[in-house]
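Report on one structure; see the data block that follows.
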Amino acid sequence: MLGLGGTILVLPSLFSACSDDDSITAPAEPVGLDLTTDAGILNYAFVLEQLEAAFYEAVVASAAFSGMSVEQREVMSDLRNHEVAHRELLRATLGSAAIGDISLNQATVGSAVSSAAKILENAELFEDLGVSAYNGAGKYLRDANTLLLAGKIASVEGRHAAAIRDMREGLNLGGTPANTRFAGDDVVGAQGLDLTREPSVALTSVGATKFVSTGIAIGSQPTLVQSAGDVKAVLDFALTLEILENELYKAVLGTSASSAQNAAFAPVRALMPAATVTAFQQIQKHEAAHVGFLLANGATDALGLGADSFDFTGNRGSGTPGPFARATTELPFLLAMVQGIEDTGVRAYKGQVGALLANRALLESALRIHSVEARHASKLRRLRRASGASGATSVKYSGTVSGGGASAAGTGNITPAPDANVAAVFAAIYAGEDNTTQGGVSITALANLPSVFDATAASEAFDEPLTRAEVLAIVQPFSRPTLV
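Heads up: the sequence shown begins at 21 in my numbering, then just goes up one per residue.
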């Protein structure tokens, strides 16, 4: 291993094996990662996805799984499906360049799935690790298509992480105020940026879990290769979206600088449970931090957007309430609306990451905001599901987008049903989210998939991008000024 010129990072189980029982998987041949290439970065992701997929496969096969709640079993099954899809797509994408299968310490795995509490504890560890690893490695990728593929996985990891952390709410774990763990202050910093770990740090964290029996080393460290281009337009576009989100949450919470906005949402605000208010406050704090971060890093608000720049009924301030006016008086409608806005944000960042290859520091920051938006969207889905929204077919406890088009909004619990204008907006927000082909590879045709895997699971495992034009068409009705 030292002959590879790198540092040994994951070897703990090799040294602990002699003290464990005979159930330990024999160590595989050591693996060296060349992180100077996109293939090497994908192999690094492949290591992480192998670990996550193996863990969730063990969870679903464990005796403890049957004793978990209906919600917990749904989430574990979803996460198993998604992580296996990630693993097998990376294997297929890498082809002959893929590293071999890593081996696991089966004694450690058995302990990790021995109870519901242990399962959720380890799931949180792995999902937060996965988010931080993708956020830290994305800036080293050189090909925009490879970066997009990684981003499609990364936001799903963010959704997973929020769902698991949310399920552990109420366990008196400390470190975060109640009802904020989905995107707690322990993972989202003061600038509104999610966790990030360099590959060497992430692999050291993997080693500390004692799950892996395969020696893994970085043979060649990654290097930043700056591309040519101007990122200013991307920053300005992101700032517009973040101001819109921030002003929306402030209006809902009654903290807007506009008394008219506060008054408009007063009826629905009176219907919001305390836990929902706290979650909205946490999300708004992040959106405000995103605005501040973008301004501090060169973004310009050319339109001078403020509280009175927006018409959250969706009619551009024409004087007549628009199709989303029901969000001011009906909580189920409001939750569906903000879910759609957050999912639009996730897709918008994904659609712009390729343009940020010209500034790798800002690219990493954008990825860290992107995963925070995914955490938000996940929490909103969970709030909706808990309040009776559409069930497992479209509003998942795992926080992931299920299906595509208007049906993916999951508005079945809203009576009367949203009108055609609202349905058209949701159709645009979720257009193409039912995609089951990634990089020319049919996800449902991959090997080693669970027996219950279907097209729905294939689409849930990956989030899709939206172009700038598509995003502007979605959000323009909520802005009085013309957005460009």
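Beta carbons are placed, not taken as given, at the ideal position from N, Cα and C, and that holds for glycine.
Express the C-alpha separation of H106 and D41 in angstroms, rounding to a whole number.
With a pLDDT of only 38 at D41, under 50, the local geometry of the prediction cannot be trusted, and the value read off the model is given with reservation. D41 and H106: Cα-Cα distance of roughly 31 angstroms.
Taking 8 angstroms as the threshold, find out whether the stretch 90 to 104 comes into contact with the stretch 414 to 423 through three or more Cβ pairs.
Contact holds: three or more Cβ-Cβ distances are below 8 angstroms.
Leaving aside the five residues before and after R367 along the sequence, list all residues of the same chain whose C-beta is less than 6 angstroms from its C-beta, in chain order.
Hits under 6 angstroms: P485 and L486.
To which residues of the same chain is F498 closer than 7 angstroms at the C-beta, ignoring the five residues directly before and after it?
So the list reads L264, F330, D331, F332 and G334, once near-sequence residues are dropped.
If you follow the beta strand (DSSP E) that A237 is in, where does it begin and where does it stop?
I236 to S240 is the extent of the beta strand (DSSP E) around A237.
Of all the options A397, Q372, A309 and D328, which has the alpha carbon lying nearest to the alpha carbon of G212?
Among A397, Q372, A309 and D328, the Cα nearest to that of G212 is on A309.
Taking D54 as part of the alpha helix (DSSP H), name the residues at either end of that continuous run.
First-last for D54: V51 to D54, but that is the beta strand (DSSP E), not the alpha helix (DSSP H).
So, with DSSP's three-state summary, where would you put D110?
In the sequence under discussion, the amino acid at residue 110 is Leu, which differs from the Asp named in the question. If DSSP states are grouped into helix, strand and coil, L110 belongs with the helices.
Quick check on DSSP: helix, strand or coil for V373?
V373 falls in the helix class under three-state DSSP.
For N441, which residues of its own chain have a beta-carbon under 7 angstroms away from its beta-carbon, when the five flanking residues on both sides are left out?
Closer than 7 angstroms at the Cβ level, and outside the excluded window around N441, lie P343.
Spell out the partners DSSP gives V358 in its beta bridges.
In DSSP, V358 forms no bridge with anything.
Measuring CA to CA, which of A447, G150, R405 and P50 is closest to S123?
Looking at the Cα atoms, P50 is the closest of the given residues.
Anyone know if the C-beta pair for V129 and A84 falls short of 7 angstroms?
No, these two residues do not count as a Cβ contact at 7 angstroms.
For E69 and A277, what's the separation of their Cα atoms in angstroms?
Straight-line Cα distance between these residues: approximately 45 angstroms.
Take S82 and list the residues in its own chain whose beta-carbon comes closer than 7 angstroms to its own, dropping the five residues that flank it on each side.
Cβ within range, chain order: V133.
Measuring alpha carbon to alpha carbon, tell me which residue in F75, L223 and A183 is nearest R404.
Comparing Cα positions, the closest option is A183.
Within its chain, find whatever has a CB closer than 6 angstroms to the CB of A394; leave out the 5 residues flanking it on each side and keep chain order.
Closer than 6 angstroms at the Cβ level, and outside the excluded window around A394, lie S175, G178, R179 and V366.
Can the beta-carbon of E362 be found less than 7 angstroms from the beta-carbon of H396?
Contact: yes.
Which of the three DSSP states is assigned to S385 in this structure?
Here S385 sits in helix by DSSP.
Please classify T413 as buried or exposed, where buried requires at least 16 other C-beta atoms within 10 Å of its C-beta.
Result: exposed.
In angstroms, rounded to a whole number, what distance separates the CA positions of A295 and N266?
Their backbone Cα atoms lie some 19 angstroms apart in a straight line.
State whether the stretch 420 to 434 contacts the stretch 446 to 461, with contact taken as three or more CB pairs (one from each stretch) at a distance under 8 angstroms.
Yes: at least three Cβ pairs fall under 8 angstroms.
Output the boundary residues of the alpha helix (DSSP H) element that contains S152.
That run of the alpha helix (DSSP H) goes A136 to A157.
For E262, which residues in the same chain have their Cβ closer than 7 angstroms to its Cβ, ignoring the five residues on either side in sequence?
Correct list, in chain order: E307, H310, V311 and L314.
Assign D41 to one of three DSSP states: helix, strand, or coil.
The pLDDT assigned to D41 is 38, lower than 50, so where the model puts this residue is not dependable, and the model offers no usable value.
Kindly list the residues whose CB is nearer than 8 angstroms to the CB of T45, restricted to its own chain and excluding five residues on each side of it in sequence; keep chain order.
Only weak support exists for where T45 lies, its pLDDT of 43 falling under 50; the value from the coordinates is given anyway. Once the five neighbours on either side are set aside, the close Cβ partners of T45 are S123, L124, N125, Q126 and S233.
Could you work out which residue in I463, L169, M187 and A164 is closest to A136 when comparing CA atoms only?
Per the Cα distances, M187.
Quick one: is T435 buried, meaning 16 or more other Cβ sit within 10 Å of its Cβ, or exposed?
So T435 counts as exposed.
Is it buried or exposed, V472, if we count other Cβ atoms within 10 angstroms and call 16 or more buried?
Its Cβ having fewer than 16 others within 10 Å, V472 is exposed.
Look at the alpha carbon of R488 and the alpha carbon of K138, and state the distance between them as a whole number of angstroms.
Looking at the two C-alpha atoms, the distance is approximately 42 angstroms.
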